[in-house]
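Quick note: the sequence shown uses my numbering, first residue 214, plus one each step.
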Amino acid sequence: MLRIRLARSHLRALAPVRLPVRYYSIAADTHAPKKSKVWASADEAVKDIKSGDILLCAGFGLAGIPDTLLGALAKRKDVTNLTDKLLNTNQLSKIIASYPGSNKNFESRFLGGQITLELTPQGTLAERLRAHAAGIPAFFTPTGASTAIEEGTIPQRYNDGGAKNGIAIQGIPKEGREINGRRYILETALAGDVAFVRAWKADEAGNVVFRQVDQTPVTRTFR
């Protein structure tokens, strides 16, 4: 039974009122999780990350960068061959990005054949992450059609010593298709092994609240 409180001038009309309740969904399990998703420290939070993992990292520019977690992972020199933005510690073997920025360390390593770069348009990168979260294995997009993205002519990695020694990993050609008079290319969903986000607060079930940070595809689709 719900009670409605009216203004003081309407006190005479105050009476218990029964209102219908509409249920939009039913929780499958209302019990609290048996294992808390809150760790005692950042070091504890990254201890299960292993070499070869794909790390999804939120942030754009300086906004929303999960510095605490990145700093904790940077101390783990046993973890290498990561795919993400952890550049300056040389723990990365591959980056998937739309714009790797002006990081001189990355520029030197890429041109020297020491790191792999998969260039992906910004909107396509966002949709690849969202597609995986939605269970969609691939999708067609007009972005990059009839360009080097479709043709796969942008090398992902040079041989040691740089371009003069040839290409170690070629670009990825995309399947193209004409749909309703417009050309599209097929892009696959992108899955990660772990995601780093910067949140204002979190509970033991893993729910987080964002405050004054950017809303990147990672913050919107991480689990």
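Cβ coordinates follow ideal geometry from the N, Cα and C atoms, glycine included. These figures come from a predicted structure and were not determined experimentally.
Beta-carbon proximity list for residue i, same chain, < 6 angstroms, skipping 5 on both sides
| i | result |
| --- | --- |
| F409 | C270, P279, L282 |
| V421 | A412, A415 |
| D406 | D266, I267 |
| V251 | E417 |
| R390 | Y397 |
| K317 | none |
Close beta carbons around residue i, own chain, < 7 angstroms, minus the five adjacent residues each side
| i | result |
| --- | --- |
| V234 | Confidence at V234 is low in this model, with a pLDDT of 48, below 50, so the placement of that residue is unreliable and no value is reported for it. |
| V292 | I262, K263, S264, L286, Q304 |
| T356 | P334, G336, T337 |
| K248 | none |
Own chain, CB closer than 8 angstroms to residue i, minus 5 neighbours either side, in chain order
| i | result |
| --- | --- |
| G365 | Q383, G384, I385, P386, K387 |
| A404 | I267, H345 |
Bridge-paired residues (DSSP) for residue i
| i | result |
| --- | --- |
| T401 | A351 |
| L268 | V407 |
Burial state of residue i (16 or more Cβ within 10 Å)
| i | result |
| --- | --- |
| E454 | Absent from the structure is residue 454, since the part of the chain shown begins at 214 and ends at 436. |
| I380 | exposed |
| L305 | buried |
| R395 | exposed |
| L207 | The requested residue 207 does not occur in the structure, where the chain is confined to residues 214 to 436. |
| G326 | buried |
| R424 | exposed |
| T329 | buried |
| I308 | buried |
Continuous beta strand (DSSP E) stretch holding residue i: start and end
| i | result |
| --- | --- |
| K307 | 305-310 |
| T329 | 329-332 |
| E391 | 389-392 |
Cβ-Cβ distance between residue i and residue j below 8 angstroms
| i | j | result |
| --- | --- | --- |
| A402 | I362 | no |
| T333 | A310 | yes |
| A351 | L399 | yes |
Range of the contiguous alpha helix (DSSP H) that encloses residue i
| i | result |
| --- | --- |
| A161 | Here the chain has residues from 214 to 436 only, and residue 161 is not among them. |
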